[in-house]
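> This note's numbering puts the first residue of the sequence shown at 11, with every later residue one more than the last.
Quick reminder that beta carbons are idealized off the backbone N, C-alpha and C, glycines included.
Quick one: the structure is below, questions incoming.
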Amino acid sequence: MFAGGTSNTLKTKAMKFTFKTEKPTGRYRSFQSASHDIKLGGAWCGSIDDDPPHKVRFMKLKDDPMEDGNPNCAWKWVTLKKEFQSVADAKEWVRENSELIQRQIKIFTQK
């Protein structure tokens, strides 16, 4: 894979998603939103928007390197259509639909 990333190929049981919330720090922290990372096997694979409506997005392995006109990147962002009222609702939905998500999206992970 490119840039230290790996691809999740589903030959066995689906892995569980985990989440990490990072609060902004520093002088201008009041102007920045927290980031909610989605991880698969300890590697970063997506995020949840902090501002409502909360959207979930994953890093998807591209089928064709020229799919979006950028041959230097092996993946692209895929944002799900579903919107959530809270980050907790989004996390719960991702946990419940983990197997379906991993079956339908070729997830790209990055350490």
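Whole angstroms are fine: how far does the CA of residue 110 sit from the CA of residue 26?
Here residue 26 is taken as the residue at index 16 of the sequence shown, counted from 1. Here residue 110 is taken as the residue at index 100 of the sequence shown, counted from 1. Cα to Cα, residue 26 sits roughly 12 Å from residue 110.
> For the region 34-52 against the region 71-79, are there 3 or more C-beta pairs whose distance is under 8 Å?
These segments do not touch.
> Counting C-beta neighbours from all protein chains within 10 Å, is the total for residue 101 16 or more, i.e. buried, or is it exposed?
By one-based count along the sequence shown, residue 101 stands at place 91. By the 10 Å Cβ count, residue 101 comes out buried.
> Give the range of the beta strand (DSSP E) segment to which residue 40 is assigned.
Walking along the sequence shown from the start, residue 40 turns up at place 30. Per DSSP, residue 40 belongs to no beta strand (DSSP E) and is neither H nor E.
> Helix, strand or coil for residue 24? Go by DSSP, reduced to three states.
Within the sequence shown, residue 24 is the residue found at index 14, counting from 1. Note: residue 24 maps to coil in three-state DSSP.
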